[in-house]
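Right, one structure below, let's go through it.
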Ligand code: GLU
């Protein structure tokens, strides 16, 4: 009788142990180092998955003239980041049209990558240490710097001219919002879901300036000549293509591709097409 009870306890303990191991193995929940818990799709070889499905899925901006803008008439999304994305599809799948573009904002891009909705982010995204805890970055593919967009006749000519009580507009989830708080802690910062909303608010008189990367502000000033971009930049914003952490194979192809287009002149062509001048070496 005693012996039987002992056997029974061993069986129960073993079963509990085995199910615990099985459960841990299946878990897809990953704690980001930033303390945020996010669902992480298995990052094992996204490159293989892209080849199997015959399509590259990229997160891009839809509201940024020159980088990723959806043309309301044609429905097409166009810009610097889009050309880079198409070139990457050609490199991986031999055809630049084997691509699906999905809209991301500065706030949604990392969650959308890490929940598996997109394979990569090519969306005006600055490489920094904080973000490196959540995603892996390619080599730098564009160099920008943060600046201010103001009315043509505005007295603001430097970040130093921002006075207490002034309001500066920008987008949620951007380095622009973090940086302006450091550079001008005396101002009110209003954050919008995306840059199109921030620009509309600026035009409606809700702020004294809009802040983000100079190249993005050039795109806005082009859309409305009543606004100008300051020459001054007060940060460095090196853009990188982001992939899920550990996606080594995909990252390697991306870096090969960036190297190739820099060497064969394709990069300079894309740069001049959208920025209107040659890239500075
Ligand atoms: N490059 C900056 C960033 O990654 C500003 C542009 C953006 O919000 O995408 O946050």
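Numbering (mature numbering (1 follows the signal peptide of the UniProt record, and there is no 0)), first residue to last: -24 to -1, 1 to 257.
Glycine residues also receive a C-beta, built at the ideal position from the N, C-alpha and C atoms.
Backbone secondary structure at residue i - three-state DSSP
{"i": "residue 164", "result": "strand"}
{"i": "residue 144", "result": "strand"}
{"i": "residue 43", "result": "coil"}
{"i": "residue 97", "result": "strand"}
{"i": "residue 213", "result": "strand"}
{"i": "residue 123", "result": "strand"}
{"i": "residue 50", "result": "coil"}
{"i": "residue 129", "result": "coil"}
{"i": "residue 8", "result": "Only weak support exists for where residue 8 lies, its pLDDT of 36 falling under 50; the value from the coordinates is given anyway. Residue 8 falls in the coil class under three-state DSSP."}
{"i": "residue 177", "result": "helix"}
{"i": "residue 186", "result": "strand"}
{"i": "residue 256", "result": "coil"}
Opening and closing residue of the beta strand (DSSP E) in which residue i lies
{"i": "residue 119", "result": "118 to 120"}
{"i": "residue 22", "result": "Careful: residue 22 lies outside any beta strand (DSSP E), inside the alpha helix (DSSP H) at 22 to 29."}
{"i": "residue 219", "result": "218 to 220"}
{"i": "residue 191", "result": "Run containing residue 191: none in the beta strand (DSSP E); it sits in the alpha helix (DSSP H), 190 to 199."}
{"i": "residue 203", "result": "203 to 205"}
{"i": "residue 32", "result": "32 to 36"}
{"i": "residue 112", "result": "111 to 113"}
Classification of residue i by the beta-carbon crowding that lies within 10 angstroms, buried from 16 upward
{"i": "residue 216", "result": "buried"}
{"i": "residue 107", "result": "buried"}
{"i": "residue 88", "result": "buried"}
{"i": "residue 157", "result": "exposed"}
{"i": "residue 181", "result": "exposed"}
{"i": "residue 240", "result": "exposed"}
{"i": "residue 62", "result": "buried"}
{"i": "residue 9", "result": "Confidence at residue 9 is low in this model, with a pLDDT of 35, below 50, so the placement of that residue should be treated as unreliable; the coordinate-derived value is given next. The residue in question, residue 9, is exposed, as its Cβ has fewer than 16 Cβ neighbours within 10 Å."}
{"i": "residue 13", "result": "Residue confidence is low: residue 13 scores 42 on pLDDT, short of 50, so the model does not pin down where it sits. Its coordinate-derived value is still stated next. Exposed, by the Cβ-count rule."}
{"i": "residue 195", "result": "buried"}
{"i": "residue 37", "result": "buried"}
{"i": "residue 50", "result": "exposed"}
{"i": "residue 249", "result": "exposed"}
{"i": "residue 162", "result": "exposed"}
{"i": "residue 129", "result": "exposed"}
{"i": "residue 29", "result": "exposed"}
{"i": "residue 164", "result": "exposed"}
First and last residue of the uninterrupted alpha helix (DSSP H) at residue i
{"i": "residue 56", "result": "56 to 69"}
{"i": "residue 80", "result": "Careful: residue 80 lies outside any alpha helix (DSSP H) and carries neither H nor E."}
{"i": "residue 244", "result": "242 to 251"}
{"i": "residue 227", "result": "224 to 239"}
{"i": "residue 134", "result": "Careful: residue 134 lies outside any alpha helix (DSSP H) and carries neither H nor E."}
{"i": "residue 139", "result": "Note, residue 139: premise wrong, no alpha helix (DSSP H); not H, not E."}
{"i": "residue 158", "result": "151 to 159"}
{"i": "residue 74", "result": "Segment: none, residue 74 is in no alpha helix (DSSP H) and carries neither H nor E."}
{"i": "residue 106", "result": "105 to 108"}
C-beta contact flag for residue i and residue j at 8 Å
{"i": "residue 27", "j": "residue 74", "result": "no"}
{"i": "residue 191", "j": "residue 113", "result": "no"}
{"i": "residue 78", "j": "residue 94", "result": "yes"}
{"i": "residue 183", "j": "residue 145", "result": "yes"}
{"i": "residue 333", "j": "residue 111", "result": "Any answer about residue 333 is impossible in this case: the structure gives the chain only from -24 up to 257."}
{"i": "residue 244", "j": "residue 100", "result": "no"}
{"i": "residue 251", "j": "residue 60", "result": "no"}
{"i": "residue 81", "j": "residue 149", "result": "yes"}
{"i": "residue 234", "j": "residue 115", "result": "yes"}
{"i": "residue 213", "j": "residue 120", "result": "yes"}
{"i": "residue 198", "j": "residue 21", "result": "no"}
{"i": "residue 132", "j": "residue 35", "result": "no"}
{"i": "residue 135", "j": "residue 124", "result": "yes"}
{"i": "residue 185", "j": "residue 39", "result": "no"}
{"i": "residue 159", "j": "residue 210", "result": "yes"}
{"i": "residue 225", "j": "residue 23", "result": "yes"}
{"i": "residue 155", "j": "residue 122", "result": "yes"}
*Is there contact between the segment 60 to 72 and the segment 193 to 210, where contact requires at least three CB pairs shorter than 8 Å?*
no
*Do the segment 140 to 155 and the segment 172 to 182 meet, that is, are 3 or more Cβ pairs less than 8 Å apart?*
yes
*Can we say the segment 227 to 241 touches the segment 39 to 46, given the rule of at least three CB pairs closer than 8 Å?*
no
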